[in-house]
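Using the working numbering, you'd call the opening residue of the sequence shown number 336 and step up by one each time.
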Amino acid sequence: MTEKRTALIAEADERASQELFGIIQGLGLVPVAARTSAEVLSRMEKGADVVFLDLKSLELRGGQLLSTLREKYPSIPVVVCTDAGNKDDVIFALRLGCMDWMDKPADRSKVSDALKRVARETRRQAQVAAQTATTGQSRTLMKEITGRIKDGSIVLPEMPKVLDELQRVLANLQVSPEEVLKILEKDPAMASKILATANTATYGGRGRINDLKSAVTRLGNRTIASIAQTAALRGLFQFRLPAFRQVFQRMWTAHCISACLARELAAEAGDNDPEEIYVCSLLHNAGEQFLLRVFAEIFQRQTSRVLSMDEVLAAIRDTHAVFGYGLLKKWNMGPLFEMAAQRHHDDTFEQADLDARARRTLHILNVADRLVEDRNLGIYTAPSSGPTLSVSFEALGLSPARRAFFARRVEDVRVELAHL
Numbered sequence: 336m337t338e339k340r341t342a343l344i345a346e347a348d349e350r351a352s353q354e355l356f357g358i359i360q361g362l363g364l365v366p367v368a369a370r371t372s373a374e375v376l377s378r379m380e381k382g383a384d385v386v387f388l389d390l391k392s393l394e395l396r397g398g399q400l401l402s403t404l405r406e407k408y409p410s411i412p413v414v415v416c417t418d419a420g421n422k423d424d425v426i427f428a429l430r431l432g433c434m435d436w437m438d439k440p441a442d443r444s445k446v447s448d449a450l451k452r453v454a455r456e457t458r459r460q461a462q463v464a465a466q467t468a469t470t471g472q473s474r475t476l477m478k479e480i481t482g483r484i485k486d487g488s489i490v491l492p493e494m495p496k497v498l499d500e501l502q503r504v505l506a507n508l509q510v511s512p513e514e515v516l517k518i519l520e521k522d523p524a525m526a527s528k529i530l531a532t533a534n535t536a537t538y539g540g541r542g543r544i545n546d547l548k549s550a551v552t553r554l555g556n557r558t559i560a561s562i563a564q565t566a567a568l569r570g571l572f573q574f575r576l577p578a579f580r581q582v583f584q585r586m587w588t589a590h591c592i593s594a595c596l597a598r599e600l601a602a603e604a605g606d607n608d609p610e611e612i613y614v615c616s617l618l619h620n621a622g623e624q625f626l627l628r629v630f631a632e633i634f635q636r637q638t639s640r641v642l643s644m645d646e647v648l649a650a651i652r653d654t655h656a657v658f659g660y661g662l663l664k665k666w667n668m669g670p671l672f673e674m675a676a677q678r679h680h681d682d683t684f685e686q687a688d689l690d691a692r693a694r695r696t697l698h699i700l701n702v703a704d705r706l707v708e709d710r711n712l713g714i715y716t717a718p719s720s721g722p723t724l725s726v727s728f729e730a731l732g733l734s735p736a737r738r739a740f741f742a743r744r745v746e747d748v749r750v751e752l753a754h755l
């Protein structure tokens, strides 16, 4: 059986006290009466859930008593009872810390409404306190992560050596398919990914390809480089905890869809290297993947952590750009990639220090990410910061018809990627 809440009535006038006593009792609370300040403070030591205080009583010294109650019992709500229409009393009481007030004389409706307001405010304050505690924990964890990166106990991941080797070979425009094959055969997972991609609707020819050499010929060096980058990035992040593994899979799928859309948007906007924009899109949120892995490792070692997954994702959303920038700088991805990781959530992309391609790239990434968000395929419940979808569409010069086309493409790309 649930224990009834106690309401302490701090009222010197006996008749007014009895009236309030009966009303509170009728509302299902346990009323307790006190006539003097000493009685009130004595009774408070036994506990109370709410206090009804006569502010103007000389016997109670209401103003002084209210200050004492707020100092000693800050979590217990106080409802000040005052003469009807006395605005100065209300302002005075609010400054001293009362939660609510009620005009005299008391009746059932006034008391009931005051209790409802107190209950709502108490819940709100509890939620704020919990959020503040969570924010504090998140900040502590982020400081811990930053410190551990600096002291070397958390190591930023390295790209696989096979990727570096492949990129060096592909930089030679005259490289033969045989040279590319020699490198790809060192990584069966990457080779399998390239073969599967060559047979998708996006790249597929008239016939199905079953050998890696034909896949390399069909796709071309730039596409091979993009696929290799994708496979390498995916392989960097593995998760043991099921909850984190599930979030990563959703995150990775969203990133891949965005990257494919970004490549098509880049071609539409006249960019001279859509494959580079594809890789840029794939990597600009790498900070999310890195932080998710770090949080997973922390939670795996320290089971006492109390952050929920929503709180983990909120911390990642707020800080991933900084960590992503650090990752791409470590990987020597170049100025365009570093800029995209660091600034893709800026309020505007029209800053004077950005050249035309940098601005266009940021708008492309923003459109791709927001289209994925709009389909509820991302990991965040709230929209990301940055320019609106319409602003970026306008900056890219896309007509309403093409905007609608790309909005529809999200589902097509999702289905196609599901078969890889």
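The C-beta atom is built at its ideal place from N, Cα and C for all residues, glycine as well.
Every value quoted in this text rests on a predicted model; they were computed, and no experiment measured them.
- Looking at W666, A717 and L700, the one whose alpha-carbon comes closest to that of D606 is L700.
- The criterion of a C-beta distance shorter than 7 Å is satisfied by A589 and G713.
- For L450, the three-state secondary structure derived from DSSP is helix.
- Of the residues assessed, G622 falls on the buried side of the cut-off, its CB having 16 or more other CB atoms within 10 angstroms.
- Counting other Cβ atoms within 10 Å of its Cβ, Q564 reaches 16 or more and is therefore classed as buried.
- Within the stretch 653-697, complete alpha helix (DSSP H) segments of at least 4 residues are found at 670-678, given in chain order.
- Assigned with DSSP and collapsed to three states, F579 falls in helix.
- For K439, the enclosing beta strand (DSSP E) has its first and last residue at D435 to K439.
- Runs of the alpha helix (DSSP H) spanning 4 or more residues and lying entirely within the stretch 695-742 occur at 724-731, in chain order.
- Residue state for V385 is assigned as strand, using DSSP reduced to three classes.
- In the DSSP assignment, V365 is bridged to T341.
- Judged by DSSP in its simplified three-state form, D645 adopts helix.
- Distance from the CA of R452 to the CA of E685, rounded to the nearest whole angstrom, comes to 47 Å.
- Judged by DSSP in its simplified three-state form, T417 adopts strand.
- Its chain contains I592 as the residues whose beta carbon lies nearer than 6 Å to that of R749, once the 5 sequence neighbours on both sides are disregarded; these appear in chain order.
- Contiguous alpha helix (DSSP H) elements confined to the stretch 560-618 occur at 577-603 and 609-618, taking only those with 4 or more residues.
- With distances taken between CA atoms, M379 lies nearest to L400 out of G361, L400 and Q360.
- The continuous stretches of alpha helix (DSSP H) do not include T371, and DSSP gives it neither H nor E.
- Bounds of the alpha helix (DSSP H) holding G622 are A621 to R636.
- Assignment of S402 by DSSP, reduced to helix, strand and coil, places it in the helix class.
- Around the Cβ of N620, a 10 Å sphere holds 16 or more other Cβ atoms; the residue is buried.
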